[in-house]
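Counting in my numbering, the sequence shown runs from 178 upward without gaps. Note that CB positions come from ideal geometry on N, CA and C, so glycine has one too. The structure appears right after this line, and notes come after that.
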Amino acid sequence: MQMTLRWFGEKFDSVKLWQIRQIPGVTGVITTLYDIPAGEVWPIERIKALQEEVREAGLEIAGIESVNIHDTIKIGSEEREKYIDNYIETLDNLGQCGIKLVCYNFMPVFDWTRTDLAKVRPDGATVLAYDQKVVDTIDPQTFFDQTNDNSNGFVMPGWEPERLAKVKELFKAYESVDEDTLFNNLVYFLKRIQGVCEKWGIKMAIHPDDPAWPVFNLPRIITSKEKILKLMKAVDAPFNGLTFCAGSFGSNPNNDLPGIIRALPGRVHFAHVRNLHHFAPGVFEEAAHLSSDGTFDLYEIVRALYETGFDGPIRPDHGRAIWGEVSMPGYGLYDRALGAEYILGLWEALDKSEKRLCSKEA
Ligand code: CS2
Ligand code: MN
Numbered sequence: 178m179q180m181t182l183r184w185f186g187e188k189f190d191s192v193k194l195w196q197i198r199q200i201p202g203v204t205g206v207i208t209t210l211y212d213i214p215a216g217e218v219w220p221i222e223r224i225k226a227l228q229e230e231v232r233e234a235g236l237e238i239a240g241i242e243s244v245n246i247h248d249t250i251k252i253g254s255e256e257r258e259k260y261i262d263n264y265i266e267t268l269d270n271l272g273q274c275g276i277k278l279v280c281y282n283f284m285p286v287f288d289w290t291r292t293d294l295a296k297v298r299p300d301g302a303t304v305l306a307y308d309q310k311v312v313d314t315i316d317p318q319t320f321f322d323q324t325n326d327n328s329n330g331f332v333m334p335g336w337e338p339e340r341l342a343k344v345k346e347l348f349k350a351y352e353s354v355d356e357d358t359l360f361n362n363l364v365y366f367l368k369r370i371q372g373v374c375e376k377w378g379i380k381m382a383i384h385p386d387d388p389a390w391p392v393f394n395l396p397r398i399i400t401s402k403e404k405i406l407k408l409m410k411a412v413d414a415p416f417n418g419l420t421f422c423a424g425s426f427g428s429n430p431n432n433d434l435p436g437i438i439r440a441l442p443g444r445v446h447f448a449h450v451r452n453l454h455h456f457a458p459g460v461f462e463e464a465a466h467l468s469s470d471g472t473f474d475l476y477e478i479v480r481a482l483y484e485t486g487f488d489g490p491i492r493p494d495h496g497r498a499i500w501g502e503v504s505m506p507g508y509g510l511y512d513r514a515l516g517a518e519y520i521l522g523l524w525e526a527l528d529k530s531e532k533r534l535c536s537k538e539a
C-alpha cells in the first residue's frame, strides 16, 4: 500500500507539493493535467514536466486521476473512434513515462453530485452534503450554476465550465442512452484500450458513480458489487479494475463496503477511503475519516484491503473544511492529512498484529 494525496497541479490547487511532502507516510500524489479537456491527447512533454515537478518536491506520481472520457465514447456515437484513438495515445505516452495507474469514471454529464458544498456541522467545520429532495426539485442547469457559484472560485473536477456550458446539448445527446447501452459502450472502450494497457502494464481503475443511483434520469452503471463484478467479467483481464471509493459506493447504505473489496481480489487497483454520515435514505453528509464520526467502519474497510493483499495507492478522499482553510470543496490540506494519518495508523496496527500472529505460529 502506498499512501498518497490527490493534487490538482500548481495552478489549480490551494495545497502545495511541499506541504504534502510534510505529511508523514505520504510518498506520492495522484494527479492529472487538469487543463487538458477530455478527448485531447496528453503530450509526452507535459507528462514529463509534471513528473519532474513532483519528483523535485521529493514525491512521485502514484497514478493519474483522471484521464477523463469524452462524452462521444459514453454515448457511443461515430466520432468515438477518434477519441478512443486519442485516449490510446495518451495511455501510450503515460506508459512511456512509467505511469501505470489511471483512474476514470463513466458517469454521463456529471461527475460526483452534492447539493451542499459547505454544510456547517455543530463543531463549525463544513462538509459536502447530499439531499435527494433538492435534486428532485431542481433542473440540471440551475444545479450546475449553483455548484459552480459555491466552489470557492475553484474549478472542480468534473464540473469544468466548458462542459457545463453545454448541459442542455449533453442531456439531449444522452436521451437514447440507457444502462445497457452505456455498459456496452464501456466494454467497447475497454476492449479497444486493452492492447496499450497490457503493453505498458497500465491498470485502469474505474471510479464508482457518486451517488450510487441515477440522478437527473441519467443512467448509472457502477453502483454496487453486482454491477462492478459484471464489468470485471465482461472484460476479464487484470488491467480492468476498480477504484474502490468508500464514499461513492457507501452513498447507498445497502452496499457492503468490505464485501465489495473482498469480492474483487487483485482487481482493486486504487482506493479512496473516507466516511459519510447517513441521516436517511438519500440524505447524507461527508464526515471526518474517523469511524466514530460517521456511518462507516473504517477499520473494517482498511482490514478488507489489508487482508486481500491490496498493494496499490490509497488516498484519503474528501475532507472537511477546518481551521479556517479555504480550498476546492473537499480538497483542503488539513482534514485530508488527518485522514491519511488515521488510515496509516489502522494499517500499521493491522500489519503488526498480523506479524505478531505469524511469529507466534512459527
Ligand atoms: C472524486 C471523483 O472528488 C471526487 O469525488 O473521487 O471526482 C473522481 O475523481 C472521479 O469520479 C474519477 O474520474
Ligand atoms: Mn472517490
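With a Cβ-Cβ cutoff of 7 angstroms, do residue i and residue j count as a contact?
| i | j | result |
| --- | --- | --- |
| Cys274 | Ile241 | no |
| Ala526 | Ile200 | no |
| Leu419 | Val445 | yes |
| Val192 | Leu521 | no |
| Asn431 | Met381 | no |
| Leu453 | Gly427 | yes |
| Gly216 | Gln179 | no |
| Trp219 | Asn282 | no |
| Gly507 | Leu194 | no |
| Phe239 | Thr181 | In the sequence as presented, Phe is not what sits at residue 239; that position holds Ala. Yes, these two residues count as a Cβ contact at 7 angstroms. |
| Ile399 | Phe421 | no |
| Gly496 | Asp512 | yes |
| Pro493 | His466 | yes |
| Val312 | Val364 | no |
| Ala389 | Asn325 | no |
| Leu268 | Val373 | yes |
| Asp293 | Gly335 | no |
Out of the options, which has the shortest C-alpha to C-alpha gap to residue i?
| i | options | result |
| --- | --- | --- |
| Gly378 | Arg397, Leu408, Ala414, Ile399 | Ala414 |
| Val540 | Gly202, Ser401, Gln196, Ile207 | Any question about residue 540 goes unanswered here, given that the chain covers just 178 to 539. |
| Gly186 | Gly330, Leu227, His247, Trp219 | Leu227 |
| Asn327 | Glu538, Trp524, Val503, Leu523 | Val503 |
| Asp300 | Ala464, Gln371, Lys310 | Ala464 |
| Met284 | Lys259, Ser425, Ile499 | Ser425 |
| Asp474 | Gly496, Tyr508, Asp433 | Asp433 |
| Glu531 | Tyr483, Thr314, Ile221, Leu441 | Tyr483 |
| Thr209 | Glu222, Arg439, Arg183 | Arg183 |
| Asp355 | Leu305, Ala411, Arg397 | Arg397 |
| Val286 | Gln323, Phe366, Asp386, Arg497 | Asp386 |
| Glu256 | Asp470, Leu441, Ala350 | Ala350 |
| Tyr307 | Val392, Val203, Thr290 | Thr290 |
| Ser401 | Phe393, Ala423, Val392, Leu395 | Ala423 |
| Ile383 | Asp212, Asp190, Val244 | Val244 |
| Ser469 | Tyr519, Ile370, Phe348 | Tyr519 |
| Ala517 | Ile197, Asp190, Lys188 | Ile197 |
| Leu367 | Lys345, Leu408, Ala389 | Leu408 |
| Tyr211 | Val203, Ile221, Glu222, Phe189 | Phe189 |
| Thr485 | Leu523, Pro388, Gly443 | Gly443 |
| Asn394 | Ile370, Phe348, Asp528, Arg369 | Phe348 |
| Lys277 | Thr472, Glu237, Gly436, Glu258 | Glu237 |
| Ile499 | Gly436, Phe487, Lys296, Cys535 | Lys296 |
| Lys310 | Pro214, Gly471, Val392, Ala440 | Val392 |
| Lys376 | Ala440, Gly272, Phe331 | Gly272 |
| Gly501 | Thr303, Lys259, Glu222, Arg533 | Thr303 |
| Arg369 | Lys259, Trp524, Glu352 | Lys259 |
| Leu523 | Gly436, Ile491, Glu403, Lys345 | Ile491 |
| Phe487 | Glu538, Pro435, Arg533 | Pro435 |
| Ile246 | Ile221, Ile213, Glu222 | Ile213 |
| Ala440 | Glu462, Asp322, Glu403 | Glu403 |
| Asp248 | Phe331, Asn329, Glu352 | Glu352 |
| Arg298 | Asp528, Gly471, Gln323 | Gly471 |
| Val332 | Met505, Asp528, Thr314 | Met505 |
For the ligand GDP, I want to know if residue i counts as a neighbour, meaning its beta carbon is within less than 6 angstroms of at least one of the ligand's heavy atoms.
| i | result |
| --- | --- |
| Trp289 | You won't find the ligand GDP in this model; what it holds is the ligand CS2 and the ligand MN. |
Check your understanding: Which residues, in chain order, sit with a beta-carbon under 7 angstroms away from any heavy atom of the ligand MN?
Key -> Taking each Cβ in turn, the ones that pass are His384, Asp387, Thr420, Cys422, Gly424, Ser425, His449, Asp494.
Point to revise | Ordered list of alpha helix (DSSP H) runs contained in the segment 391 to 446, each at least 4 residues | key: Counting whole runs of 4 or more residues, the segment 391 to 446 contains the alpha helix (DSSP H) stretches 402 to 411, 423 to 426, 434 to 439.
Review point. With a cut-off of 8 angstroms, do at least 3 Cβ pairs link the segment 250 to 263 to the segment 357 to 365?
Key: Touching, per the Cβ criterion.
Exercise for review: Decide yes or no for the touch test of the segment 340 to 349 against the segment 310 to 318: beta carbon pairs closer than 8 angstroms, at least 3 of them.
Suggested key: A contact exists between the segment 340 to 349 and the segment 310 to 318.
Practice item. At 3 residues or longer, and completely inside the segment 294 to 374: list those beta strand (DSSP E) runs for me, N to C. Key: Taking 3 residues as the minimum length, the beta strand (DSSP E) runs contained wholly in the segment 294 to 374 are 303 to 308, in order along the chain.
Practice item. Please determine if the segment 447 to 456 and the segment 474 to 481 are in contact, where contact requires at least 3 C-beta pairs separated by less than 8 angstroms. Key: Judged by Cβ distances under 8 angstroms, the segment 447 to 456 makes contact with the segment 474 to 481, as three or more pairs qualify.
Review point. Can you give, in chain order, each stretch of the beta strand (DSSP E) that sits fully within the segment 182 to 225 and has at least 3 residues?
Key: Segments of the beta strand (DSSP E) lying fully in the segment 182 to 225: 203 to 208.
Practice item. Check whether the segment 259 to 268 touches the segment 228 to 240, taking contact to mean three or more Cβ pairs, one atom from each stretch, closer than 8 angstroms. Key: The answer is no - the segment 228 to 240 does not touch the segment 259 to 268, with fewer than three Cβ pairs under 8 angstroms.
Practice item. Write down every uninterrupted run of the alpha helix (DSSP H) in the segment 446 to 510 whose length is 4 residues or greater and which is fully enclosed by it, in chain order. Key: You should have 475 to 484.
**Study point:** Unbroken stretches of the alpha helix (DSSP H), 4 residues or longer, contained in the segment 233 to 262
**Key:** With a minimum length of 4 residues, the continuous alpha helix (DSSP H) runs that stay inside the segment 233 to 262 are 248 to 252.
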